[in-house]
Structure formats: C-alpha cells, structure tokens
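Chemist: Take this structure first; my questions come after.
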Amino acid sequence: MYRISRTFFKFPVRITHQRQAWTTLHNHQSKTSNSIPKSNRINYGTQAAAEPFLNGSSSSYLEEMYSAWQKDPNSVHKSWDVYFRNTARGVSSAYIRPPTLGGAPVPTSTEMVPAAAMPSEKIIEHHLSVQSIIRSYQIRGHELAAVDPLGLDQRSDGSSMSEILINHYDLDEPDLDKVFRLPHTTYIGGDQTELPLRQIIKRLEEIYCRQIGIEFMFINNLEQTDWIRRKFEVPNIMQFDAEEKRLILARLIRSTRFEDFLARKWSSEKRFGIEGCEVLIPAMKAVIDSCSSLGVDSFVIGMPHRGRLNVLANVCRKPLEQIICQFDSKLEPSDEGSGDVKYHLGMCHERLNRVTNKNIKMSVVANPSHLEAVNPVVQGKTKAEQFYQGDKDGKRVMSVLLHGDAAFAGQGVVYETFHLSDLPMYTTHGTIHIVVNNQIGFTTDPRVSRSSPYPTDVARVINAPIFHVNADHPEAVIYVCKVASEWRHRFNKDVVIDLVCYRRSGHNEIDEPMFTQPLMYKKIAKQPTVLASYAEKLIHSGIVSQQEYEDEVAKYDKICEEAHLASKKETAVRNRDWLDSPWSGFFEGKDPMKSPLTGIDEETLQHIGMSFSLPPEDFELHRGVKRILKSHEDMVKNRIADWALGEALAFGSLLKEGVHVRLSGQDVERGTFSHRHHVLHHQNIDKKTFISLNHLYSDQAQYIVCNSSLSEFGVLGFELGYSMTNPNSLVIWEAQFGDFHNTAQCIIDQFISSGQAKWVRQSGLVMLLPHGYEGMGPEHSSARLERFLQMSNDDPEFYPPESSSFEMQQLHEINWFVCYCSTPANLFHVLRRQVALPFRKPLIIMTPKSLLRLPEARSSFDLMTDNTAFQRVIKEAGPAMDNASNVKKLIFCTGKVYYELVKEREKLKMVDKIAIARVEQISPFPFDLVKEEITQYPRAEVAWCQEEHKNMGAWGYAEPRFRTVLKKMNSRKEVQYVGRYPSAAAATGNKHMHTMELGQFLKEAMSI
C-alpha cells in the first residue's frame, strides 16, 4: 500500500503582536465570505467597509494595508490610521468605528482603553491559536481521518493530535484545561459558547479525524460551508435508532449473500462483484430513500461493471431469475441484437419504495467497459426526463453516478461532465457521485496512476463537497449518504461520496492480485467482512440476537435458491428485459415498412419562413444579421431556400406538429459559419435575446438551441442520453468542424453505432458534421466520412430482394443512416424523416461549408411541399438524360463535389456526354436506384468521383457495392475511381497544391 505525504495544515505562529491583534479581533467580528474585492484591496476603505472580509484568511490584505500605512499614514483611511497607531502602542483593542456620515470626529488614540486594562498579549495569542486549530481541522482534518479500512496508509489516527497541535501553536499542557470562547465559525459546542481546549480538540478529532473525512472548506460560499459544518459539528447529530440499524444489517446481508451465492454457483465466471465494498448497496438505498422522501420519484443511474449485478438485484430489485439467466451459456437470445456481457447491461424498473411508501422508477443505463463514458449519457437522459416532466429544479428526477477511483481520476470525460453541471441548458440540478475507492486500478498502484492526493480531487473544480468515508463503518456511510441527499436537495449541486474500501477478489473473480499487490492482499485475507463485524456489533449491543441474524441470512439464501430454480425454466434470454429506456406505446399500431412522406403545405412553408426572417419590433439587431434575415425574407417571397432556411423550415414544421427540437454544440446558436442565427442578440441590452422559432404558433413544441462547453465527448454523450428518453423529438449535435468528433469517438463507437445491437437501444440522434475540401488544410476539411461508413453493418456483397418496401427494409436493418446532402430540400426531408419513421436510428449528415452560400445550392419550395420526400439518389436531370443512349460517362458522386463537376462539365461543353448522379444517402447503400441509373445509360462507363483521398471518403464503402450492382445486372462494366491519391493527412495545407489536385481529378472525371 502507499502513503501520500499529508503534512498537517500549518498556520504561521510566531507573528507580530500587531498582526495578532488585528486578525484575532476581526476574526470574531467576521461572518461572511473569505474573498476580498479587488476594489477594497487597492483603495483601503474604512474599517467598516472591510470588516465583512476580515477573517482567518485576510492576513495578506491587512499586511498590504499595514505596509502602506508604515510608508505613508495618509495612504489609508483615518480610522485605519488610528487603528494601526494604537496597535503599534500595544493597545490590544485597537478597533474603532469610522466617522459617521454626519461627520462625527474619529476618536484619537488618547481616547482608547489603556493596554493594561485589556486582555494580555498572551491571551490574545492563545485565542488566535484556538481559532487556528479549529480552522485547521476543518480544512485539513480529512488528511488524518481513519478512512482506510485496511489501515495501510499509516496515517495518524488522531490519538496524538493534541500534543502535535498545542506544540505547534505554542500552547503547553496546562493550556488544555483553559476555557476558550468558541468562534461563530464552528458548532462543536452545541448550546455551549465556551469549552476547555482539551474538549475542543477531542470534539474536533471525533468530527474530522475518525471514519469520515470532509473536504469542503474550498467551497467559496459561506452558506454552503456553514450548512456542512452544522451537519457534522453539532454534538450527537450522527445517531441511529435500533430500527435503522436493523435495516442497515438486513441490506448488508442481501448485498453480501448475493455475492456469496454467485460465487458458489459460478466460481469460474467473471461477475465483477463488490466484495470489499458490500456497503455500497445500503449506501445507494439510503440515497434513494432520502431523496424519495424529499420528492424524487425517478432515478437515472450510471455505473461501471463492478457491483452492477448486485445493484440490479438489491437496489433496483430486478427479478433474480432474469439476472441468473445471463450465466446460462446455453440460452440463446429470443429477440434482436447481439447482446452484451451481463455486467454491461442496463434496465428500467418501477417499484414501491418500502421506506417512503412511494412508487419510484429506476433506470440503470447500459454502458461498455469504457467506464466513465456513461456519465454524460446519464446526465442527458436525466435532463430530458426533467424537461418532459416540467421538472425545472430537478426535484422529481435526479441522477446517481457510480465510479471507480482510478477511472474517476484518470478519465477526461469525468471533467467534461462536471463542467456541464451548472450550465443552464445542461444542468441536472445536482448529481450524487459515489466513488467505489478500491485504492487500486486493476493492477496499478495509485502512486503511478494519478498526481492528486485523492481520486476525487477533480470534483473540487465545481465546488462539490467531498465526503471520504471508511466503507467498513456502515453507520458513517449511511449518515454521509443522508447528508449528500439533503445537500443535493437544498443546493441543487453535485456532491461526492468517496467509499474507501478494497477488492477482496482482485480485479475480477478469476484474477490473481498477489502477483502485483502482495502486502495489500495479505492484509485483506485477514480482514473480516463488513457484514461480520457489523453483525457482531449489533448482537453485542443487544439490538439483534444471533438467531435473528441467522434467520435473516437463511431467508435471503432461500430467495436466491428459488430464483435459481426458476431460471432453469427459462428457454431463452430476452434482451428487451434489459432495456434502459423503454418507449411505451411508440411502436404500437405502426407499419414498420411504410415509407413516410415528409412534404408540407405551401402555407406552412410561407408562415415559418416569414416568421423566421422577420425580427421583433424595437429589437436592435446587428446590421449583418439584418442583411441575412432580409435575404431569407426575399427567398421566402421567391419560394426558394438556402441551407439555413431549409433547416429552419424543417425545425419549424416539426415544432408545429408538437415535436420537441433540441440543437446543441459549440457555437450552434449563430452557426460556426455565421449562417444560422437562431438566437438573435440585442445590440444594446445585455442578455436580451430572441428565438424566432419559438414564436411560430401558440401551441407549438419548444425549440432549444444552446451553445455548449468546448467539449465533444461530454456533450455528444449528453445529447445521446437526451435522445433516448423520448422518441418523439429531434435531438441534434453539431460539430464546430466535422473532424472535432474525433475526441468523441468513444461515444460514437460504443453507444451510437452499436447501441441497438448490444442493448436493444434505439436512438434518433442526429450528428451534423461540416465537411468539404476547400484548401483550408488537413484539419477541418474532413469529417472522416469513411469511418462512419466502415461501421455500417450492411453487407457489401448482398443485393437485397427488390420489392415495394426495399427502402424501408434497408432502413430497418441498418445500424444508422449516413447522408451527404447536396440540396436544402433534401436536408429538410431527411430531418423530418427522422421523426416520421416508425422506428429510430441515428443519422449522420455531412454538412457543407461553402455550399451554405452557393447560389446553385438552393431549392425550390416545390421540392418541399406535399407529396415530396427525401431522395436517396438525385438522378441526372439535364440534357444528358434526354440523350441517354449517347452518354459516354456516368459519374456518381456525393455532396459538394457535384457542383464542381457540373461547373467543369459546362466549361468543357460536355453536358450531353456526361451524366452526373448524386448519392445523397450513402448508407444504407441505394442499390436499387444506382441500378436504375446505370441501366438508364447503357453505353456509359461508370465512375465514382470524390474530393477526398482514395483511402478516405466513400470510395472504400461504395466500390464493392457498385460491383454487387453490376454483378446483379450481369454487366461486365467496372467502376472507375476519380479523386485524390491516397494520403496519410486528410488534406493538403498548401492552397496551390489543393487547387492543382482539384484541377487534376476534375480533368480526369471529364475524360471520355
């Protein structure tokens, strides 16, 4: 085991009499914040002005002012001049009030009480020392707390604290029996205002240096720190009656015996049990009980694999036979999906909380071995539930996150998620974090896995209190859980419970921990279980008898055995039993093979378009925004739409239909490329904004558009969680530049691409990824289209059976849709299709940059009105179509390069010789429409043109599928590649090189 240096907090003790006098006197008067405004530091106001800021941390302020006074007495207010003069003379009570507004004179030094009549210098020093002692416990007492059940860190248990402290503060043994007045910053006296020093130290040790270590003095809010002090410092506040202790014991029995049962039945199976932290189950149930009593009725839980099965069984009360079925390797799944290992699965369950007698809903979100990746997903799901329930303060829906110590300290997404906690559009109004602190990460010692003293130090960045607690002391754990629940309810802020424990069986049940942690596991081998020690304590105190304890153990053992017998009757594993976000009634009465029409009537288009284009009266806009809105107004009048207007028409029409729309990401309110402007800002009034899409209809759904923190991993995970809650919504995450999704790849790989296959979880999340080669260098050119296509699960060599439901069958079977639209109309339809489909799949869209303002990239309203729909392939519609038999070349492409090809074709006057078709939906691949287009031009050679390099873009995905189409046609044709050569970098950073590459492949494309 390790020992991190924890030198106890040291205050300066040999200070001048003058400094002692000021600090002591003003500490007694101070009850407010530690911070000193900059204006006070510079201007040196009156004593009355500065009085609220003077406390134990104000010495730098006083020293600065005192130094200025020594150089020039006129540099400070007259009241401070008198103050320092008297202090320098040895007058202990130097403080006087400043002049009144009426001009009453400041008393001179001769009016002060003589020093002989005041307390002696020694008494002042001792009072200052006592205050410093109290504060030192509050700030650093956690470092001496006995929170490690193994006792391997060899920290002081507090037994010699009194000797250390009184020596350090120039106090002697006789001073321990002197009585000191307690400051207002402590509650250790209860109703008493004075205590002997010996009693003061004893109480401080019991509060701060036993089984609970409290980190809270870094919080910059006096009300919050004072609240925490009351919860721990008030005498005899941590009391449990006999019934509460019996309940803790019963929950420990369930927690421990469940693990014992699994170990007996499946000794060679990995299950990632919680042996060594069995108190986790009573802890979680205490949180749920407390929060339920405070009004919460829905809990969204995220956790790693350790302890998951026990949580499902004994916290969520999932039927045991369904859990046990997961251990039967002979059972096959009875429904869709590839499934996942049992300790990654989630669930959703409603049950009666017997302590509060209230019905509660609990969801455990499924997640992979990428431990902390589930954190933002949980937060997004929680936020969505709060939104749909109208729970604006998080009083009914809350999140609980469990962590491992090594992952909590090491995973960057923890930090990203914490920084969402107080953002208006992302806050869930407080999360309770429980860290299962194994004091090791797999086989890695904390000394080489983190740089911070505690794994929980990341929580300090958001001023979350941190409660370290010895997991072998159940009552201390339960009390901390109750305090954490009350904190979350009172302040709507995050809180961290650090359960310091150990792993009895190593990383998993078939691991050998003695290879790497021999000393720790020798100690663990001798350590009694928390159940054994707590049962012995209650039996010894007469709260339960030995027979009652044994009966309770036998009762739960019988429950497990009966569930085991029941599980043998199961014939298959039902993946739907593990769904963490069920959509009640969504799939009922819908034809999964019916293709939806997504066009709307002209009147609606005109109304939304004009409402979006006209700002409110008396709202001062930037002239550039005025110009953009005026251009949109002109487009609406002319019945055309650019990209931004097409998007707004899609959003507005869905809002009209009662569909909630949420758009999130960096700079989405304006749009990275200054095209969107969904949030208008008044140019003269701060924070005055207007969102036109929320003022279309009186009964419309709400539109939320919000700039996010500079995070991709955390925010994309958040939006995924948000999308899981309600299928009748459109949830969109937009990357600032397409390649920024790189840092969120874990969410894409583990949740978005494979979520339905692993966990039967559908999501309609949309990702907008700006993409296009425009000579801007290797970053920001490519959204890595090839990666999304590589992860598509359709078979390149299988041509689906042709039928009227060809398109819908493909959409139903694919894991997601990947599109690269070239027109605003197709963007309009594909966004509306996301909601109109009778099922949900993620949608990945490569969005444009230069096309946002390209005049040719506009669409007529005729392509968005009734009886129109998304076009998977936009076929050639020019002269080449009328001259099909003479067309020499048929080029298939996708996205922006189409307009460059058209321009080059017109330049070379080959409009009747070369046909160009756009593949707008790349995955699932439109086999049927590609076949139709190739058939249309029997004499044409077939080419695929892209602006991306050959080893990137859609070529690697499209080429084998083109071969499948040609094989289906019994054609001997081959598909030709036209584009850039293979490259390691996504694009050149040289503008000249970019232009040369573009000209080269356009020339090749036009060659016939």
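All residue numbers for the sequence shown refer to our numbering, where the first residue is 26 and numbers rise by one. Glycine included, each C-beta is placed from N, C-alpha and C at the ideal position.
1. I need the DSSP call for residue 758, collapsed to helix, strand or coil.
2. Tell me which same chain residues have a C-beta within less than 8 Å of the C-beta of residue 911, skipping the five on either side of it?
3. Taking a contact to mean a Cβ-Cβ separation below 8 Å, would you say residue 919 touches residue 845 in this structure?
4. If you pair each beta-carbon of the segment 530-546 with each one of the segment 314-322, do three or more pairs fall below 8 Å?
5. Would you mind working out which of 755, 712, 731, 669 sits nearest residue 680, comparing C-alpha positions?
6. Answer yes if the segment 928-936 comes into contact with the segment 961-975, meaning at least three C-beta pairs across the two stretches below 8 Å, and no otherwise.
7. With burial defined as no fewer than 16 other Cβ atoms inside 10 Å of the residue's Cβ, what is the status of residue 196: buried or exposed?
8. In whole angstroms, what is the alpha-carbon distance linking residue 907 and residue 962?
9. Please list the segments of the beta strand (DSSP E) lying wholly inside the segment 621-707, counting only runs of 3 or more residues, in order along the chain.
10. Count the other CB atoms, across all protein chains shown, that sit within 10 Å of the CB of residue 333; report buried if there are 16 or more and exposed otherwise.
11. Just checking, does the segment 398-407 make contact with the segment 741-748 on the three C-beta pairs under 8 Å criterion?
12. Taking 8 Å as the threshold, find out whether the segment 217-230 comes into contact with the segment 453-468 through three or more Cβ pairs.
13. Look at residue 814 and residue 843 and say whether their C-beta atoms are less than 8 Å apart.
14. Take residue 711 and list the residues in its own chain whose beta-carbon comes closer than 6 Å to its own, dropping the five residues that flank it on each side.
15. Quick check on residue 950: buried or exposed, where buried means 16 or more other Cβ atoms within 10 Å of its Cβ?
16. Go through the segment 799-876 residue by residue and report every complete run of the beta strand (DSSP E) that reaches 3 residues or more, in order.
17. List the endpoints of the continuous alpha helix (DSSP H) containing residue 98.
18. Taking Cβ positions, are residue 253 and residue 239 nearer each other than 8 Å?
19. Residues in its own chain within less than 6 Å of residue 882 by CB, not counting five upstream and five downstream?
20. Please state whether DSSP places residue 714 in a helix, a strand or coil.
21. I'd like to know if the segment 884-903 and the segment 663-678 are in contact, where contact means that at least 3 CB-CB pairs between them fall below 8 Å.
22. Beta-carbon within less than 6 Å of residue 994's beta-carbon, same chain only, minus the 5 sequence neighbours each way: which residues are those?
23. Have a look at residue 657 and residue 703 and give me their C-alpha separation to the nearest angstrom.
24. In terms of DSSP beta bridges, what is residue 523 paired with?
25. Enumerate, from N- to C-terminal direction, the unbroken alpha helix (DSSP H) stretches of 4 or more residues contained entirely within the segment 172-258.
26. Take the Cβ of residue 547 as the centre, count every other Cβ of all protein chains shown within 10 Å, and call the residue buried at 16 or more, exposed below.
27. In three-state DSSP terms, what is residue 297?
28. Please go through the segment 735-779 and give each complete beta strand (DSSP E) segment of 3 or more residues, from N-terminal end onward.
29. Find the nearest neighbour of residue 532 within the set 557, 469, 484, 576, judged by alpha-carbon distance.
30. Would residue 683 and residue 661 be called neighbours here (beta carbons separated by less than 8 Å)?
31. Take the Cβ of residue 997 as the centre, count every other Cβ of all protein chains shown within 10 Å, and call the residue buried at 16 or more, exposed below.
32. Going by DSSP, which residues form a beta bridge with residue 383?
33. In whole angstroms, give me the CA-to-CA distance for residue 379 and residue 477.
34. Can the beta-carbon of residue 984 be found less than 8 Å from the beta-carbon of residue 1005?
35. Throw me the rounded Cβ distance for the residue 796 and residue 808 pair, which I believe falls under 8 Å.
36. Leaving aside the five residues before and after residue 281 along the sequence, list all residues of the same chain whose C-beta is less than 7 Å from its C-beta, in chain order.
Modeler: Let me lay it out:
1. The answer is strand: DSSP assigns residue 758 an E or B state.
2. Cβ within range, chain order: 937, 938, 964.
3. Contact: yes.
4. Fewer than three pairs of CB atoms, one per stretch, sit closer than 8 Å, so the segment 530-546 makes no contact with the segment 314-322.
5. Ranking 755, 712, 731, 669 by CA distance to the CA of residue 680 puts 755 first.
6. Touching, no, given that fewer than three Cβ pairs across the two stretches are closer than 8 Å.
7. Buried, since its Cβ has 16 or more Cβ neighbours within 10 Å.
8. Taking the straight line from one Cα to the other gives about 10 Å.
9. Entirely contained in the segment 621-707, the beta strand (DSSP E) runs reaching 3 residues are, in chain order, 685-690.
10. A residue is called buried when at least 16 other Cβ atoms come within 10 angstroms of its Cβ; residue 333 meets this threshold and is buried.
11. Between the segment 398-407 and the segment 741-748 there are three or more inter-stretch CB-CB distances shorter than 8 Å, so the stretches are counted as touching.
12. They do not touch, by the three-pair rule.
13. Against a cut-off of 8 Å, the Cβ pair of residue 843 and residue 814 comes out as a contact.
14. Cβ neighbours of residue 711 within its own chain (closer than 6 Å, five residues either side excluded): none.
15. That one is buried.
16. Runs found: 842-844, 868-872.
17. In this chain, residue 98 is not harboured by any alpha helix (DSSP H), its DSSP state being neither H nor E.
18. Against a cut-off of 8 Å, the Cβ pair of residue 239 and residue 253 comes out as a contact.
19. Result list for residue 882: 876, in chain order.
20. Note: residue 714 maps to strand in three-state DSSP.
21. The way I'd put it, the segment 884-903 does touch the segment 663-678; three or more beta-carbon pairs between them come closer than 8 Å.
22. Taken in chain order, the list of residues that qualify is empty.
23. For residue 657 and residue 703, the distance between alpha carbons rounds to 13 Å.
24. Residue pairing by DSSP places residue 523 opposite 460, 493 in a beta bridge.
25. Listed in chain order, the alpha helix (DSSP H) elements of length 4 or more contained wholly in the segment 172-258 are 186-193, 222-233, 247-258.
26. By the beta-carbon neighbour count (other beta carbons within 10 angstroms, threshold 16), residue 547 is exposed.
27. Three-state DSSP puts residue 297 in coil, outside helix and strand.
28. Counting only runs of 3+ residues, the beta strand (DSSP E) found wholly inside the segment 735-779 occupies 754-759, in chain order.
29. Nearest C-alpha to residue 532: 469.
30. Result no, Cβ atoms of residue 683 and residue 661 do not sit closer than 8 Å.
31. Exposed, because fewer than 16 other Cβ atoms sit within 10 Å of the Cβ of residue 997.
32. 378, per the DSSP bridge assignment.
33. For residue 379 and residue 477, the gap between their C-alpha atoms comes out near 41 Å.
34. No Cβ-Cβ contact shorter than 8 Å links residue 984 with residue 1005.
35. Rounded to whole angstroms, the Cβ separation of residue 796 and residue 808 is 4 Å, and the two are in contact under 8 Å.
36. Closer than 7 Å at the Cβ level, and outside the excluded window around residue 281, lie 303, 554, 556.
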